[in-house]
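Heads up: the sequence shown begins at 1 in the UniProt record's numbering, then just goes up one per residue. Cβ coordinates follow ideal geometry from the N, Cα and C atoms, glycine included. Small disclaimer: the values here were computed from a predicted structure and weren't measured.
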Amino acid sequence: MSTAPKVSALRGGHVTLAAAADAFLATARTANPNTRRAYASAIDRVIALLGRDRPLAEIADIEIGTALTELWGTSAPATWNRNRAAITSWLAWCQTKKHWAAPSVPAEAERRKETIDETRAVAKTTIHRLLSRRDIPLREKTLWRMLYETAARAAEILALNVEDLDLEHRRAPVRSKGGATEWLYWDSGTAHLLPRLLRLPDGSVRTHGPLFLSERRPVPARRPAAADICPHTGRARLGYDRARVLLDKHAGLDLHQLRHSAATHLGEAEVPLQLIMGKTRHKNPRTAMRYVKPGPEAIAKVTEVLAPRRRTH
């Protein structure tokens, strides 16, 4: 005699989108501050568009798809996929872990193919020219210089607080993807800009709170966590999407290209792979090799080895 499969009853019919988001963002999977910030950014924008106080059970799949398209439909495939994955993970958790009646990301809002651009590394001269432009605001110039000199992930740099900085030794600790504490190191370019970035209009200096700040104070309806608000200015932490838009606007580049370019330039300078891995904090040599593919200048230089020997008389 066969038994019927066990069925979990759906519940939580009155749970609002905001409450469901808060519950998910309080779980262990978002314990890493960088991970939580990335999920919160995507989820908050979707629920703000759909209505924070609407019951989760009343949201249709098509509404989720429409929100994704409106927010990121014209973005790069990597941006679309990243935000789509955050919403998918949240809704799947609501369904499987809490057994709440919740929508799903519709099939038509499918993951997009990301093409690998073999020319993603930017020439060193191009980067230095960009960072010397007088029309680039101090905040952007500091962020981009820091990303390049540290070869760090953009989310790690944007998550830094002023109190994390060891200005004397030009370094700061960050939480890695695995949760370990690792050190980022920068050089004189960043060291020259940071004191200017921290200086307030009255001549005093910021000592706590997010390092990189948004242009304006947050509105009450979308007020971030206290840790993401500067105690000196009341402005919020600069978000990844805004930082990405600004670099694209000024230079037509992606934030990750600065990290990729730094690793490539180290490879072109014949820095050993182990040191490059230490700088970029990659654990797998095969992954690091993908980032340090020699650029066209290095290929052209090594081609000289194959040239016929020059006559000496």
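Query                                                                                                                                                      : Result
Could you give the DSSP three-state label for I127: helix, strand or coil?                                                                                 : helix
Within this structure, are the beta carbons of L160 and L211 separated by less than 8 Å?                                                                   : yes
Based on the DSSP secondary-structure assignment, which residues constitute the bridge partners of L184?                                                   : A172
Count the other CB atoms within 10 Å of the CB of E304; is the residue buried (16 or more) or exposed (fewer)?                                             : exposed
I need the DSSP call for L238, collapsed to helix, strand or coil.                                                                                         : coil
Can you pull the DSSP bridge partners for N161?                                                                                                            : P210
Starting from K141 and walking both ways along the alpha helix (DSSP H), at which residues does that stretch end?                                          : 138-150
Using the Cα positions of D53 and A243, report the straight-line distance between them to the nearest angstrom.                                            : 29 Å
Tell me which residues share the same chain as H232 and place their Cβ nearer than 7 Å to its Cβ, disregarding the 5 neighbours each side in the sequence. : L200, R206, G209
Determine the extent of the alpha helix (DSSP H) in which W90 is found, giving its start and end residues.                                                 : 77-96
Roughly how many whole angstroms lie between the Cα atoms of L130 and A107?                                                                                : 41 Å
Helix, strand or coil: which one does DSSP assign to P285?                                                                                                 : helix
Around the C-beta of V105, are 16 or more other C-beta atoms found within 10 angstroms, so that it is buried, or is it exposed?                            : buried
Taking the alpha carbon of H265 as the reference point, which residue from L246, W72, T150, A191 has its own alpha carbon closest?                         : T150
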